[in-house]
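One structure is given below, encoded as C-alpha cells.
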Amino acid sequence: EVQLVQSGAEVKKPGESLTISCKVSGYNFMHYWLGWVRQVPGRGPEWMGNIYPDDSDIRYNPSFEGQVTMSVDRSLNTAYLHWTSLKASDTAVYYCARHGVDHGVTPKGFDSWGRGTLVTVSS
Amino acid sequence: DIQMTQSPSTLSASVGDRVTISCRASESISSWLAWYQQKPGKTPNLLIYKASTLESGVPTRFSGSESGTEFTLTISSLQPDDFATYYCHQYRAYPETFGQGTKVEMK
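Listed in order, the protein sequences are those of chains H and B. Its first residue numbered 53, the first sequence is counted upward by one per residue in our numbering. Its first residue numbered 506, the second sequence is counted upward by one per residue in our numbering.
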C-alpha cells in the first residue's frame, strides 16, 4: 500500500526556520516525482514544486523559488520542505503528493497524498 | 503560466442530478489534466487523469471529457457522498496549475 506520512502540525513565529517531512512507503521512492502543494484554508491548491528523488532534480514554481528548499534523504525514503525565514503568509496546509504513472508510461497527476502538515506562523 | 478557469464556483444540486463542471485552459495542455475531489479537512483524491481516464477505485458515475482547451467533469447521478469541492489540475507544463475549485452543495 502506498503511504505518504507527513510530520505533525507546527506553530512558528515570523523569521523562524522550519523543516517538514514526508516519509513514503509501498513504492519505489526513487523513481516517482514527488510534489509539494500548498493550500491556504478555504482556497484552492497551489503547486510549489516537484522533486525526483533518484537524482534530486527539482522543478520549483517561480512563485515559491527562493522561499523554500526541497530535498530528499534516499536512505530514509523521506522528502523535506524547508524554510529559512517564515512569514505570516506561509500559514497553510502543506501536502506532499506522488506524481503517479500509469503502466509506467502515462503521467497521472497526483495519485497519492500525505494527510498534510498545518503550518501556522504567528507572532 | 497556464491559467485554469473553472466554472461554476458553486453548484447547487440534488441527489440523482447530472452534474457538469467545466475547466478551461488558457493554452493547449493536450490531455494532461486531472480532476480531484476534496472534502472539508481531507486530502484531495484523484478521480480522473489524462482528461478522461478513471482512476482505479473511483465510481463509474464520474467521467471526464475534453474539447480543445475545454475540459468537463461529469457526475452522472449525484450521490450523497459526492457533495464536495472539485479541482482541475494541468500537468502539461511547469508551473503546474490548479483551477479555483467548484463546490457542489446540496440544493
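The beta carbon of each residue, even a glycine, is placed where N, CA and C say it ideally should be. These numbers come from a predicted model, not from an experiment.
Problem set entry | C-beta neighbour in chain B for P105(H), strict 9 angstroms | By one-based count along the first sequence, residue 105(H) stands at place 53. No, because no Cβ of chain B sits closer than 9 angstroms to the Cβ of P105(H).
Problem set entry | Those residues which DSSP pairs with S512(B) across a bridge | Position 7 of the second sequence, counted from the start, is the residue given in the question as residue 512(B). Listed as beta-bridge partners of S512(B) by DSSP are S527(B).
For this session: Could you say if the region 569-578 of chain B and the region 134-151 of chain H meet the contact criterion of at least three C-beta pairs nearer than 8 angstroms?
Result: A contact is defined here as three or more CB-CB pairs under 8 angstroms, and the region 569-578 of chain B fails this definition with respect to the region 134-151 of chain H.
Problem set entry | At least 3 beta-carbon pairs within less than 8 angstroms: the region 93-112 of chain H vs the region 524-532 of chain B | Contact between the region 93-112 of chain H and the region 524-532 of chain B is absent, because fewer than three Cβ pairs lie under 8 angstroms.
Problem set entry | Below-9 angstroms beta-carbon distance, K544(B) vs any chain H residue | As a working note, residue 544(B) is residue 39 in the second sequence. False, the Cβ-Cβ gap to chain H never drops below 9 angstroms.
Exercise. Between the region 551-566 of chain B and the region 597-605 of chain B, do at least 3 Cβ pairs fall closer than 8 angstroms?
Worked result: No: the two stretches stay apart, fewer than three of their Cβ pairs being nearer than 8 angstroms.
For this session: Report the residue from A598(B), Y596(B), Y592(B) and R597(B) whose alpha carbon sits nearest the alpha carbon of S514(B).
Result: Taking the first residue of the second sequence as position 1, residue 514(B) is located at position 9. Among A598(B), Y596(B), Y592(B) and R597(B), the Cα nearest to that of S514(B) is on Y592(B).
Problem set entry | Neighbourhood of R111(H) by C-beta, 6 angstroms cutoff - its chain only, sequence neighbours within 5 removed | Taking the first sequence and counting its residues from 1, one reaches residue 111(H) at position 59. Counting only Cβ-Cβ distances below 6 angstroms, and skipping sequence neighbours, we find G101 and N102.
Exercise. In three-state DSSP terms, what is S69(H)?
Worked result: Sequence index remark: in the first sequence, residue 69(H) carries index 17 (1-based). Looking at S69(H) - three-state DSSP - the assignment turns out to be coil, as it is neither helix nor strand.
Exercise. In the DSSP assignment, what are the bridge partners of N102(H)?
Worked result: On the first sequence, position 50 is the one that residue 102(H) refers to. Paired residues: G87(H) and R111(H).
Exercise. Is there at least one Cβ from chain C nearer than 9 angstroms to G168(H)'s Cβ?
Worked result: Absent here is chain C; the protein component of the structure consists of chains H and B.
Exercise. Once you ignore the five residues that flank F162(H) on each side, which residues in its own chain have a CB closer than 8 angstroms to its CB?
Worked result: By 1-based counting over the first sequence, the position of residue 162(H) is 110. Closer than 8 angstroms at Cβ, skipping near neighbours: G87, V89, A149, R150, H151 and G152.
Exercise. By how many angstroms is the C-alpha of A131(H) removed from the C-alpha of G168(H)?
Worked result: One-based indexing of the first sequence puts residue 168(H) at position 116. One-based indexing of the first sequence puts residue 131(H) at position 79. Their backbone Cα atoms lie some 13 angstroms apart in a straight line.
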